[in-house]
Amino acid sequence: MDKNHITKILDDKPLTALSESELAAVRVHIAGCNDCARNFEAAQLSGLLLKERTSEAAQSARNANPFFQTRVLAAWREQQATAGAWSLRRLWNTTGTLISSMVATTAVLAALAFVIPAEESAAQTAALVPSSAESVMLDQGEEEMTNEQALSAIYYDEEAR
Amino acid sequence: MEGWLTRIATNTCLNMLRSAKRRPELVTSDLTEDETAWLEQVSNSIGAPAPDAEQRVIGVDLADKVLETLNPEDRLALTMIDGEGASVNEVAEVTGWSESKVKVRAFRARKKAREVLKQLLGRRQ
Chain A
22 MDKNHITKIL
32 DDKPLTALSE
42 SELAAVRVHI
52 AGCNDCARNF
62 EAAQLSGLLL
72 KERTSEAAQS
82 ARNANPFFQT
92 RVLAAWREQQ
102 ATAGAWSLRR
112 LWNTTGTLIS
122 SMVATTAVLA
132 ALAFVIPAEE
142 SAAQTAALVP
152 SSAESVMLDQ
162 GEEEMTNEQA
172 LSAIYYDEEA
182 R
Chain B
-6 MEGWLTRIAT
4 NTCLNMLRSA
14 KRRPELVTSD
24 LTEDETAWLE
34 QVSNSIGAPA
44 PDAEQRVIGV
54 DLADKVLETL
64 NPEDRLALTM
74 IDGEGASVNE
84 VAEVTGWSES
94 KVKVRAFRAR
104 KKAREVLKQL
114 LGRRQ
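Chains A and B, in that order, give the protein sequences. Mapping to this note's numbering: the first sequence position 149 is 170, numbers consecutive. Mapping to this note's numbering: the second sequence position 14 is 7, numbers consecutive.
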């Protein structure tokens, strides 16, 4: 074996599949053969790279699990909800005083605009109602009187005199 | 049914790989600084504890570059046997190839990958 290079052993099957006797033969050989030592190092690196790539592919396959997307979306929505509540609280902390004073001012203005004028107009209306109703009734009486009735009334007055 | 679907998927992947442009050679200038550093670090400490996540990502990128230099069928055989741990018989069943063809593909792929890496290590040194 020492006189034969080990490249065929390295290329024939994966390093992980080499038997103990084959590995021992390789180690003995590379101790005295620099070229085969480099080949062995390259074969080890090749196996390591393939192992890394396989584990990465397996990790990607696990991540492709449909439940992964569900979990991520649920976590994201929860985070968004928390962030939304937090932003509303922060907004209230900064503008709460201003909004409260605006609401109070609006309430006062509403009271001044609707309640007090309504009381004043009700009092004025109550004072005006008797004369207004009387005049309206008189006006209406005159309008409803026909010409004949008016003439008879006039002549009646004159005859009575 | 399962074997039939697997066969169709495998052939579709092979056709896609065939249509993809294959890089005939990988030289040191094709590597990033990180990949060159990875090669140097790992070759000096083979058998050491597993590298961290960042180093693993660099290793995966480098593995892809090495695999790109291979014929698609050789790449498939190497990935399945040496990477996934499949047997020659299993690869033959999935691909529809004969077992001897699988062995030849895997043999050529190991040799090519080893030569590419040996060349990169040699130029680094």
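Glycine residues also receive a C-beta, built at the ideal position from the N, C-alpha and C atoms. Model, not experiment: these values are computed from the prediction.
Using C-beta distances below 8 Å, list every residue in its chain close to residue i, excluding the 5 sequence neighbours before and after it, in chain order.
{"i": "arginine 0/B", "result": "Val87, Thr88 and Gly89"}
{"i": "glutamate 43/A", "result": "Ile30"}
{"i": "cysteine 6/B", "result": "Leu69"}
{"i": "serine 91/B", "result": "Ala85"}
Let me see if you follow: with CB-CB separation under 8 Å, is residue i close to chain B or not?
{"i": "aspartate 48/A", "result": "Here residue 48/A turns out to be arginine, not aspartate, going by the sequence shown. No, its Cβ sits nowhere closer than 8 Å to a Cβ of chain B."}
{"i": "glutamate 41/A", "result": "no"}
{"i": "leucine 71/A", "result": "yes"}
{"i": "asparagine 55/A", "result": "no"}
{"i": "serine 67/A", "result": "yes"}
{"i": "arginine 183/A", "result": "Limits of chain A in this structure are 22 at one end and 182 at the other, which puts residue 183/A out of reach."}
{"i": "methionine 22/A", "result": "Caution is warranted here: a pLDDT of 45 is assigned to methionine 22/A, below 50, making its placement in the model unreliable, and the coordinate value is therefore given only provisionally. No, because no Cβ of chain B sits closer than 8 Å to the Cβ of methionine 22/A."}
{"i": "alanine 63/A", "result": "yes"}
{"i": "asparagine 114/A", "result": "no"}
{"i": "leucine 31/A", "result": "yes"}
{"i": "arginine 83/A", "result": "no"}
{"i": "arginine 110/A", "result": "no"}
{"i": "glutamate 77/A", "result": "yes"}
Consider the Cβ of residue i: report whether some Cβ of chain A lies at a distance smaller than 8 Å.
{"i": "aspartate 27/B", "result": "no"}
{"i": "glutamate 1/B", "result": "In the sequence on display, residue 1/B carries isoleucine and not glutamate. It does not; no Cβ of chain A falls within 8 Å."}
{"i": "alanine 30/B", "result": "no"}
{"i": "glycine 52/B", "result": "yes"}
{"i": "alanine 106/B", "result": "yes"}
{"i": "glutamate 47/B", "result": "no"}
{"i": "lysine 94/B", "result": "no"}
{"i": "glutamate 18/B", "result": "no"}
{"i": "arginine 98/B", "result": "no"}
{"i": "threonine 21/B", "result": "no"}
{"i": "valine 84/B", "result": "no"}
{"i": "arginine 11/B", "result": "no"}
{"i": "threonine 5/B", "result": "no"}
{"i": "alanine 56/B", "result": "yes"}
{"i": "threonine 72/B", "result": "yes"}
{"i": "valine 87/B", "result": "no"}
{"i": "leucine 63/B", "result": "no"}
{"i": "leucine 114/B", "result": "yes"}
{"i": "serine 36/B", "result": "yes"}
Would you say residue i and residue j are within 8 Å of each other, going by their C-beta atoms?
{"i": "phenylalanine 61/A", "j": "leucine 31/A", "result": "yes"}
{"i": "valine 109/B", "j": "valine 59/B", "result": "yes"}
{"i": "arginine 68/B", "j": "leucine 10/B", "result": "yes"}
{"i": "threonine 21/B", "j": "leucine 113/B", "result": "yes"}
{"i": "glycine 59/A", "j": "glycine 115/B", "result": "The sequence shown places arginine at residue 59/A, not glycine. Yes, these two residues count as a Cβ contact at 8 Å."}
{"i": "alanine 46/B", "j": "leucine 71/A", "result": "no"}
Please work out which residues of its chain come closer than 6 Å, Cβ to Cβ, to residue i, disregarding the five sequence neighbours upstream and downstream, and give them in chain order.
{"i": "alanine 154/A", "result": "Residue confidence is low: alanine 154/A scores 49 on pLDDT, short of 50, so the model does not pin down where it sits. No coordinate-derived value is stated."}
{"i": "glycine 76/B", "result": "none"}
{"i": "cysteine 57/A", "result": "His26, Ile27, His50 and Ile51"}
{"i": "arginine 98/B", "result": "Glu66, Asp67 and Ala70"}
{"i": "tyrosine 177/A", "result": "none"}
{"i": "glutamate 169/A", "result": "none"}
Residues in its own chain within less than 7 Å of residue i by CB, not counting five upstream and five downstream?
{"i": "isoleucine 51/B", "result": "Asp27, Glu28 and Trp31"}
{"i": "arginine 92/A", "result": "none"}
{"i": "glutamine 48/B", "result": "Trp31"}
What does residue i reach in chain E if we use C-beta pairs closer than 7 Å?
{"i": "aspartate 67/B", "result": "Within the model displayed, chain E is absent; protein chains A and B are what it includes."}
Should the segment 61 to 78 of chain A be called in touch with the segment 69 to 88 of chain B, which here means at least 3 C-beta pairs below 8 Å?
-> yes
With a cut-off of 8 Å, do at least 3 Cβ pairs link the segment 31 to 40 of chain B to the segment 54 to 74 of chain A?
-> yes
If we count Cβ pairs, one from each stretch, closer than 8 Å, do we get three or more for the segment 40 to 49 of chain A versus the segment 97 to 104 of chain B?
-> no
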